[in-house]
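In the numbering used here, the protein residues as written are 1 to 468.
Glycine included, C-beta positions come from ideal geometry on N, C-alpha and C.
None of the values given here were measured: they were computed from a predicted structure.
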Ligand SMILES: Nc1ncnc2c1ncn2[C@@H]1O[C@H](COP(=O)(O)OP(=O)(O)OP(=O)(O)O)[C@@H](O)[C@H]1O
Ligand SMILES: [Mg+2]
């Protein structure tokens, strides 16, 4: 819910990556694309991709790769189409960075040192927006508009902070915690969020970086070392923030319970004082980072009850990510099956519901399934509207498979369509009916494994209380 004003339509203009190293003035591209959209379009729809740019001035039309209507904040979320007269256009132009664009910033050697005597570095730096993260945000499915809400709130938070609000009066930490059950997309959400923020904030910050801290590598096997390591890593980030005031930094700590475990419980651990010092160092470090307007800290956790109270108290936005419901599960299955179709593993098929006698609207409806070039399954709404009454129709069978999948993690749902074909079919190419049968066998097997694991937990008395 927003305090209503004119909605903002966010449009992302992707500039091609040129191998000759010529730097493109993305600010000029942005202004020109804004004017071009206003002159050439009356309505834009969410998800719309524009890839031909007739009328755009030559140098810019040549460097542009695509224009995506990414999102609308403050708009009517039910409607995907927006009249340009009724929205404020926010166009961002960006170039995707690749690994080779990266240079280790000074004062960050600690990131590359391995932790715990193994080869795992303590942190990884990624220049944003990065090719490796392209498409990740769009691949995530949630019931609620969690993505647009958080993206909009945090980009506003960063632009407020850029105005250097008085730190004694406005006391926030720009610390975000994404929590929820395993495999619901928390880690992907945070990486995708960093990518999208770097695009959205491009106007204020020409450079952006994701610094991903490996929390496990900071738990040192040498007594008393963890606190020092946390300290050193956070100090390096602070130096980087000071040296690069024009760079937006998203610091990401996955599975933060490793570093911010409750200090009262740590007293009963093997090395109580080391664990307590690590949390102390983290809290002190976070308090220093917040002085810099160009950083946000994003964390994930499965177990909020395991987190230290003082850490939780510093979190500004806590977002719970629940298990998936029918609509996103259906969408993921549809995407996966269609991808298998595009690669020739499942035969192309089309689906329709038509009048038995097309010229007579009084006749009954019938379900039609036909071989086609591509496999294109109906959307969830189409399935509900047209196919639900045909018990043997493929879309209805897929919807049954979806109902059987409630309670499975997003991770499991994403892998089951392909995995089930590998496990329960031996054909190189199969029809969609066989693929859905295999999928349902895969779902049954996952549900059984989950039930057995729960029973085993109950016997050993380790079952986690509901709601964590
Ligand atoms: N909501 C979702 N929508 C689409 N795909 C999802 C979703 N949740 C999970 N996935 C799939 O599962 C994979 C793993 O997700 P991710 O690692 O982000 O989950 P997580 O919540 O961090 O899990 P864990 O709690 O085990 O760390 C993703 O790469 C994606 O393929
Ligand atoms: Mg994770």
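- For residue 369, the pairing in a beta bridge is given by DSSP as 351.
- Around residue 87, the same chain offers 7 and 9 as residues with beta carbons nearer than 6 Å, after the five sequence neighbours per side are excluded.
- In the three-state DSSP reduction, residue 90 falls in the strand class (E or B).
- Counting only runs of 3+ residues, no beta strand (DSSP E) is found wholly inside the stretch 380–466.
- Here the C-alpha atom of residue 176 lies approximately 17 Å from the C-alpha atom of residue 237.
- Comparing C-alpha distances from residue 275 to each of 225, 132 and 309 shows the shortest one belongs to 225.
- Not one heavy atom of ligand 2 falls within 8 Å of the beta-carbon of residue 257.
- Residue 365 and residue 349 have their C-alpha atoms roughly 19 Å apart.
- Inclusion of residue 310 and residue 263 in the CB contact set at 9 Å is warranted, their separation being smaller than that value.
- The continuous alpha helix (DSSP H) containing residue 238 extends over residues 225–243.
- For residue 302, the shortest separation between its Cβ and any heavy atom of ligand 1 lies below 8 Å.
- Annotation: the continuous alpha helix (DSSP H) that includes residue 334 extends over 326–342.
- For ligand 1, no non-hydrogen atom lies closer than 8 Å to the CB of residue 145.
- With a cutoff of 8 Å, residue 132 does not count as near ligand 1, since its C-beta is closer than that to no heavy atom of the ligand.
- Judged by pairs of C-beta atoms under 8 Å, the stretch 200–207 touches the stretch 156–173, as three or more such pairs exist.
- Beyond the five residues adjoining it in sequence on each side, residue 407 comes within less than 8 Å, by CB distance, of 323, 447 and 450 in the same chain, given in chain order.
- Following the DSSP letters along the chain, one finds residue 58 inside the alpha helix (DSSP H) bounded by residues 58–63.
- Contact check for residue 279 against residue 299 fails: the beta carbons are separated by 9 Å or more.
- About 5 Å separates the Cβ atoms of residue 431 and residue 347, confirming a contact at the 8 Å cut-off.
- Relative to ligand 2, the nearest heavy atom lies less than 8 Å away from the CB of residue 254.
- Distance from the C-beta of residue 139 to the nearest heavy atom of ligand 1 is below 8 Å.
- Going by C-alpha positions, residue 361 is about 13 Å away from residue 353.
- Spatial neighbours of residue 53 in its own chain (CB-CB distance under 6 Å, excluding positions within 5 residues in sequence) are listed in chain order as 61 and 64.
- Judged by DSSP in its simplified three-state form, residue 189 adopts helix.
- With contacts defined by Cβ atoms closer than 9 Å, residue 340 and residue 418 form a contacting pair.
- Pairing residue 51 with residue 129 gives a Cβ-Cβ distance that is not under 9 Å.
- At least 9 Å separates the beta-carbon of residue 295 from that of residue 252.
- When Cβ pairs closer than 8 Å are counted between the two stretches, the stretch 389–399 is seen to touch the stretch 423–442, the count reaching three or more.
- Taking the Cα of residue 288 as reference, the smallest distance to any Cα among 459, 235 and 240 is reached at 235.
- For residue 187, the Cβ falls inside the 8 Å cut-off from some heavy atom of ligand 1.
- Check the Cα spacing between residue 404 and each of 329, 460, 420 and 379: the tightest is with 329.
- In the structure shown, the three-state DSSP call for residue 178 is strand.
- In the three-state reduction of the DSSP assignment, residue 130 falls in the strand class, which pools E and B.
- In this structure, residue 179 and residue 304 form a Cβ contact; the two beta carbons are roughly 5 Å apart against a cut-off of 8 Å.
- Contact annotation: residue 213 and residue 122 have beta-carbon atoms nearer than 9 Å.
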